[in-house]
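Visitor:
Given below as structure tokens:
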């Protein structure tokens, strides 16, 4: 069975400092992994995705994530936080065993950015 | 702008009302989805449609009734809902079904539903 765990429910950083949002997954298949962001009162926006090509994935707004199979991790990072990065972030694994493309969502991490 | 549009963005309805949520995608995708997002809970997949045919129904109560008249449109018909059904309902689409690499799901901005 597939699962995904976001290790922090809430992360607080100062503007201009690095961001690290942690995600671990469990999968019996070669997973597809995604990070989505949800700003207040908005839908989910795709930040980046890993689909078995390069292990370091670059996304929008300066975010990137590294797929580490040995650690079953897919942590999201950004070198310098901006106030506009404050949002909810979801780590997601696609159930490769399912023919319906079912997504398994983590519980979400709220990123707070302080001035 | 993801190419997936949902209306209305906000809806307040009584428990005896009948209302519908609408979703439209102009991405040429063949698969469409309804998700429910409640406070403090992970997103829940409700329904999956592929080429206008329902292929998954995740034990959703019958007071939620989906309809997919064509590959670009998806509706969620609501009838005699309960207050605990208040949530954000997200529509999404992808090129096809299937968890193969690269099959990315794109979400709309959601419809906030409040049942009073």
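Residue numbers (my numbering), protein chains in the order written: chain A, 1 to 115; chain B, 1001 to 1116. Quick reminder that beta carbons are idealized off the backbone N, C-alpha and C, glycines included.
Taking the runs of the beta strand (DSSP E) that are 3 residues or longer, which of them lie wholly in the segment 29-72 of chain A?
Guide: 32-38, 44-50, 56-58, 64-68
Visitor: Which residues, in chain order, does the segment 22-52 of chain A contribute to contact with chain B at a C-beta distance below 9 angstroms?
Guide: 29, 30, 31, 32, 34, 36, 38, 41, 42, 43, 44, 45, 46, 49, 50, 51, 52
Visitor: Out of 1093(B), 1087(B), 1050(B), 1079(B), state which residue places its alpha-carbon closest to the alpha-carbon of residue 1040(B).
Guide: 1087(B)
Visitor: For chain B, find out if any of its Cβ atoms is closer than 9 angstroms to the Cβ of residue 80(A); answer yes or no.
Guide: no
Visitor: Among the candidates 1069(B), 1008(B), 1045(B), whose CA atom is the shortest distance from the CA of residue 1021(B)?
Guide: 1008(B)
Visitor: So, does the CB of residue 103(A) fall closer than 9 angstroms to a CB anywhere in chain B?
Guide: Cβ-Cβ to chain B under 9 angstroms: yes for residue 103(A).
Visitor: Mind listing which residues of the segment 1081-1110 of chain B have their C-beta closer than 9 angstroms to chain A's C-betas, in chain order?
Guide: 1088, 1090, 1091, 1092, 1094, 1096, 1097, 1098, 1099, 1100, 1101, 1102, 1103, 1104, 1105, 1106, 1107, 1108, 1109, 1110
Visitor: Nearest-angstrom Cα distance between residue 1011(B) and residue 54(A)?
Guide: 43 angstroms
Visitor: Is residue 1171(B) close to chain A? Criterion is C-beta to C-beta, closer than 9 angstroms.
Guide: Residue 1171(B) is absent from the model: chain B starts at 1001 and stops at 1116.
Visitor: Run through chain B and tell me which residues come within less than 7 angstroms of residue 107(A), C-beta to C-beta.
Guide: Residues of chain B passing the Cβ test: 1042.
Visitor: Does residue 94(A) have its Cβ less than 9 angstroms from a Cβ in chain B?
Guide: yes
Visitor: Quick check on this structure: which residue in 1111(B), 1103(B), 1114(B) has the alpha carbon closest to the alpha carbon of residue 31(A)?
Guide: If you compare the alpha carbons of 1111(B), 1103(B), 1114(B) with that of residue 31(A), the shortest gap goes to 1103(B).
Visitor: Taking only beta-carbon positions, decide if residue 1074(B) is within less than 9 angstroms of chain A.
Guide: no
Visitor: Determine the direct distance from the alpha carbon of residue 22(A) to that of residue 1046(B), and round the result to whole angstroms.
Guide: 27 angstroms
Visitor: Applying the criterion that 16 or more other CB atoms from any shown protein chain within 10 Å of the CB defines a buried residue, is residue 1096(B) buried or exposed?
Guide: Exposed, because fewer than 16 other Cβ atoms sit within 10 Å of the Cβ of residue 1096(B).
Visitor: If we define contact as Cβ-Cβ less than 9 angstroms, is residue 1006(B) a contact residue for chain A?
Guide: Output row for residue 1006(B): interface = yes.
Visitor: Hey, could you find the ends of the beta strand (DSSP E) residue 1010(B) is sitting in?
Guide: Residue 1010(B) -> beta strand (DSSP E) spans 1010-1013.
Visitor: Between which two residues does the beta strand (DSSP E) containing residue 1025(B) stretch?
Guide: 1018-1025
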